[in-house]
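My numbering numbers the first residue of the sequence shown as 671 and each following residue consecutively. All residues carry an ideal CB built from backbone N, CA and C; glycine is no exception.
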Amino acid sequence: MQRSLLAEKKWSQQQLALNGLLLFFFAQFSSALTAVAQISFWGTALIGAYVFVRVRPAHSSLVPRRPLVVSFVLLVAVLLVSGFVNPEWWSNNLAEFRKDHLRLFLLFPLAFWVCRDYSDVRRLLMAAVAGFTLRALLVLGFYLSDWAVLESYRKGFALDAIYCFSAGLLLFLFDRGLSRRSRILLGAALAVQVVPLLLHGSRSPLLVILLAVGLAVVAARRWRLLLTGALALLIVLTGLVFSRPQLLLRYETVLQGETYTQDFSVVERQGIWWVTLQLVERQPWLGYGPGWRKLSPLALESGLMDEAKQHPDRVRQLAYGYFAGRATYGKANPHNLYLNWLLEAGFLGLFAYLGFIVSLFRASWHARLQPGGQMWWLLALGLVTCQLASGITNGLWPAGWLLILVAGALARKENETTYPS
């Protein structure tokens, strides 16, 4: 009787935490409910902390010693150490860790605890898609009306779309557990999201989404679906020819070699990467501590700008122009995920991050061999592709909420497979 009551209490606590995360993902991806996102996340974290302190895990170890969990703990440890070995940036590193990494890292154990099976992950992903659909409507309203009050929702829209639209499309195409009603609603949400995504005009997000979903289709061996997708893409491109030819011309530049040698924004990023690499060479192993916002003062204090200003190379001249115009803290970022890790945590941090990605792949690969486990593999493949590919031109690690969600849930599945209850 007592065991039954304890099990019921544990289930109710997990259900309450799951509802908190559902609210968080909806609010976080809507970008319109910031306070709700903060309250729901920290409320869920407090519930998790209470349960961890009062109710010990069933296994002897407090931290399951499985590869995915170990790689995650190592990643966090390296980032913390990088913050402490830079005493001149201690207070800054602590603030930046709290701002950029703390909630993201806490999501991993929360997902480990809350997501009992794939159906819980599906519900959280659907909540994120619903919130992002609300944001897409607000961005679409900005494009149709030019209301200045809606412009803030456009900032970062394309980067979030890489993850959220890809996850929604993967669910729509491959999740056989979706009800017909849920699939129809999900299809309608994706149709709403794709319109402002096309109007946004950003090149890399669409390419990354196509790559991520395309790899998932190939991995699932859905050749007919691949052909259908290619036909749908052709229809969309044909529509752009007649409705928005200027957008099509912008997307065409990706295939032109001159883009990578003459395009201002591309060459400017090459200059930013050069400056970041020069800084990394000075502190290669543990970097400068958490936080990309210190890039601008580091660059200006390093003496690199004097060299770049006098150099005839256009890349370095644009680097000087970029940092001279962004002399204040937080105005410049590396625009590359891998350089971002090198700047914050050095080569040890980058290796720890890549080790975490490999462990995630390994866990999802093993999960796919179990009954109904294909979605774990396809989601991990799609979201990791999103992170690795978008990381070439974007340096914001905190965008990967959905990746960490899947990683935490997979870690639980990996642990339960190794230690059957």
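Helix, strand or coil: how does DSSP classify residue i here?
i: T998; result: coil
i: Q683; result: helix
i: A890; result: coil
i: Y958; result: coil
i: D787; result: coil
i: S872; result: coil
i: G1065; result: coil
i: E1086; result: helix
i: H981; result: coil
i: V755; result: coil
i: G972; result: Reading the sequence as shown, one finds Ser at residue 972 and not Gly. If DSSP states are grouped into helix, strand and coil, S972 belongs with coil.
i: D933; result: coil
i: G1078; result: helix
i: G1070; result: coil
i: Q948; result: helix
i: G690; result: helix
i: Q953; result: coil
In or out: residue i buried (at least 16 other Cβ within 10 Å) or exposed?
i: G973; result: exposed
i: K1083; result: buried
i: A1079; result: buried
i: F934; result: exposed
i: A806; result: buried
i: H729; result: Low per-residue confidence applies at H729: pLDDT is 46, beneath 50, and the placement is therefore not dependable, though the value from the model is reported in the following sentence. Answer is exposed; the Cβ neighbour count stays below 16.
i: H981; result: exposed
i: S682; result: exposed
i: L814; result: exposed
i: P875; result: buried
i: G1019; result: buried
i: R986; result: buried
i: Y833; result: buried
i: A888; result: Rather than Ala, the amino acid found at residue 888 in this sequence is Val. So V888 ends up on the exposed side.
i: S761; result: exposed
i: Y999; result: exposed
i: L1039; result: exposed
i: R851; result: exposed
i: P1041; result: exposed
Please tell me whether, using a cut-off of 8 Å, the distance from the CB of residue i to the nearest non-hydrogen atom of the ligand ATP is below it.
i: Y788; result: This structure lacks the ligand ATP; in fact it carries no ligand of any kind.
So, using beta-carbon positions, are residue i and residue j closer together than 9 Å?
i: V784; j: L841; result: no
i: F1026; j: L777; result: no
i: A1015; j: L965; result: no
i: S701; j: D845; result: no
i: L820; j: T714; result: no
i: L896; j: G884; result: yes
i: F711; j: L703; result: no
i: N1085; j: R724; result: no
i: T946; j: L1013; result: yes
i: L749; j: H771; result: yes
i: F694; j: A705; result: no
i: L881; j: A1059; result: yes
i: F812; j: A1077; result: no
i: L988; j: V937; result: yes
i: A1033; j: F782; result: no
i: R892; j: L843; result: yes
i: S752; j: P960; result: yes
i: V878; j: T1055; result: yes
Where in the stretch 992-1055 do unbroken runs of the alpha helix (DSSP H), each at least 4 residues long, occur, reported from the N-terminal end onward? If you keep only unbroken alpha helix (DSSP H) runs of at least 4 residues inside the stretch 992-1055, you get 1007-1037.
Would you call the stretch 713-727 and the stretch 750-767 in contact, with 3 or more CB pairs under 8 Å? These segments do not touch.
Minimum length 3: unbroken beta strand (DSSP E) runs contained in the stretch 693-742: Complete beta strand (DSSP E) runs here, min 3: none at all.
Please specify which runs of the alpha helix (DSSP H), each continuous and at least 4 residues long, are wholly inside the stretch 792-857, giving them in chain order. Listed in chain order, the complete alpha helix (DSSP H) runs (minimum 4 residues) inside the stretch 792-857 are 827-844.
Check whether the stretch 813-827 and the stretch 762-777 are in contact - that is, three or more C-beta pairs closer than 8 Å. A contact is defined here as three or more CB-CB pairs under 8 Å, and the stretch 813-827 fails this definition with respect to the stretch 762-777.
Can you find at least 3 beta carbon pairs, one from the stretch 780-794 and one from the stretch 1059-1066, that sit closer than 8 Å? No: fewer than three Cβ pairs fall under 8 Å.
When you compare the stretch 951-961 with the stretch 897-906, are there three or more beta-carbon pairs, one atom per stretch, that lie closer than 8 Å? Touching, no, given that fewer than three Cβ pairs across the two stretches are closer than 8 Å.
At least three beta-carbon pairs within less than 8 Å, the stretch 795-815 to the stretch 828-838: Segments in contact, yes.
Answer yes if the stretch 982-993 comes into contact with the stretch 936-950, meaning at least three C-beta pairs across the two stretches below 8 Å, and no otherwise. Because the criterion of three Cβ pairs below 8 Å is met, the stretch 936-950 and the stretch 982-993 touch.
Evaluate the contact criterion for the stretch 1046-1055 versus the stretch 1071-1078: three or more CB pairs, one atom per stretch, below 8 Å. Judged by Cβ distances under 8 Å, the stretch 1046-1055 makes contact with the stretch 1071-1078, as three or more pairs qualify.
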